[in-house]
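Trainee: What follows is a single structure, and I will ask about it in a moment.
Numbering (the UniProt record's numbering), first residue to last: 1 to 286.
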């Protein structure tokens, strides 16, 4: 329980400090900056972007703003009804937006392979891959492939998706001369995994399962994946940059398994009112 207190105290402390002080980094942007502000003046016409988990939360906001900037956005989502609703919500704001939806269940290896094939059949370039989708702090469960769900969804699915689309990204970068981007959504939780880091020999063991640490190890895997892939692509001379990012404490559906715990940790304070909404510059209760 002590590490949980330390973990949530740190992410809430740093998040609220930045929001209250309005602190901005060297880039001129900070935790109070919106996606629209950060992308102001950027012309993304001609770029094709895949956003996993693009039907809600951070994924939807990412897809929305990239579409507003002119990119052709592919929303990859498990729930097609939600994906279509997301597409329509973007079109309501910008009727010239170029948005498509494709089904992707990252918890299923077969679904990932089917998605990659379906995308390639569209004969589109691929400039940017944003590995955003994820699950967090969920009860122990195995995927249909027999892999613990958080590790399967957050890491294995995205690792396979990236591998299957990498040749297309290399080709696009080579032909267009435009640098490709792969972004893995990670988390500060990567520092709060199991004692030995990623427990490869115990990933699917229910007996030793701890939902918070299992989430942490999946996010650590995202970072290690980005670091290793970045190095390999650099050695190849491929014009693709790979990054992993911590988005901060933001109220999305990803937190559905953690809000009750967080409220208990902070003596009943409604944490959902203290963290940012994906589209806002301030906490959701302001």
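Backbone N, C-alpha and C define an ideal beta-carbon position, used for all residues, glycine too.
Can you tell me where the alpha helix (DSSP H) with residue 225 in it begins and where it stops?
Mentor: Working through the chain shown from its first residue, we reach residue 225 at position 225. Residue 225 -> alpha helix (DSSP H) spans 211 to 236.
Trainee: Entirely within the segment 126 to 198 and at least 3 residues each: give me those beta strand (DSSP E) ranges in chain order.
Mentor: The qualifying runs are 128 to 131 and 180 to 185.
Trainee: Ends of the alpha helix (DSSP H) at residue 82?
Mentor: Looking up residue 82 in the chain shown gives position 82. First-last of the alpha helix (DSSP H) with residue 82: 80 to 93.
Trainee: May I have the straight-line CA-CA distance separating residue 119 from residue 128, to the nearest angstrom?
Mentor: Here residue 119 refers to the residue found at position 119 when the chain shown is read from its first residue. Here residue 128 refers to the residue found at position 128 when the chain shown is read from its first residue. Cα-Cα distance, rounded: 13 angstroms.
Trainee: Would you mind stating whether residue 70 and residue 44 have Cβ atoms separated by less than 7 angstroms?
Mentor: Looking up residue 70 in the chain shown gives position 70. Looking up residue 44 in the chain shown gives position 44. Cβ atoms of residue 70 and residue 44: closer than 7 angstroms.
Trainee: Can you find the residues in the same chain that come closer than 6 angstroms, C-beta to C-beta, to residue 90, ignoring five residues on each side of it along the sequence?
Mentor: For the purposes of this step, residue 90 is taken as the residue at position 90 of the chain shown. Contacts found: 64, 67, 97 and 99.
Trainee: Within this structure, are the beta carbons of residue 133 and residue 106 separated by less than 7 angstroms?
Mentor: Counting from one through the chain shown, the residue named residue 133 turns up at place 133. Counting from one through the chain shown, the residue named residue 106 turns up at place 106. In this structure, residue 106 lies closer than 7 angstroms to residue 133 by Cβ.
Trainee: Starting from residue 246, follow its DSSP beta bridges and name the residues at the other end.
Mentor: Along the chain shown, read from residue 1 onward, the residue named residue 246 stands at position 246. Paired residue(s): none; residue 246 is not in a bridge.
Trainee: Residue 186 and residue 244: beta carbons closer than 7 angstroms?
Mentor: The count along the chain shown starts at 1 and reaches residue 186 at position 186. The count along the chain shown starts at 1 and reaches residue 244 at position 244. In contact: residue 186 and residue 244 (Cβ atoms closer than 7 angstroms).
Trainee: Assuming contact is defined by CB atoms lying nearer than 7 angstroms, are residue 215 and residue 189 in contact in what I supplied?
Mentor: Translated into the one-based positions of the chain shown, residue 215 becomes position 215. Translated into the one-based positions of the chain shown, residue 189 becomes position 189. Cβ atoms of residue 215 and residue 189: closer than 7 angstroms.
Trainee: Using a Cβ-Cβ cutoff of less than 6 angstroms, which residues in the same chain neighbour residue 151 once the five nearest sequence positions on both sides are dropped?
Mentor: The residue given as residue 151 occupies position 151 in the chain shown. Taken in chain order, the residues that qualify are 203 and 218.
Trainee: Per DSSP, residue 24 is paired with what?
Mentor: Position 24 of the chain shown, counted from the first residue, corresponds to residue 24. Answer is 30, bridged to residue 24.
Trainee: Taking buried to mean at least 16 other C-beta atoms within 10 Å of its own C-beta, is residue 179 buried or exposed?
Mentor: Residue mapping note: residue 179 aligns to position 179 of the chain shown, counting from 1. When all chains shown are included, residue 179 counts as exposed.
Trainee: Run through the DSSP bridge pairs and tell me what residue 50 is partnered with.
Mentor: Mapped onto the chain shown, residue 50 falls at position 50. DSSP lists 74 and 129 as partners of residue 50.
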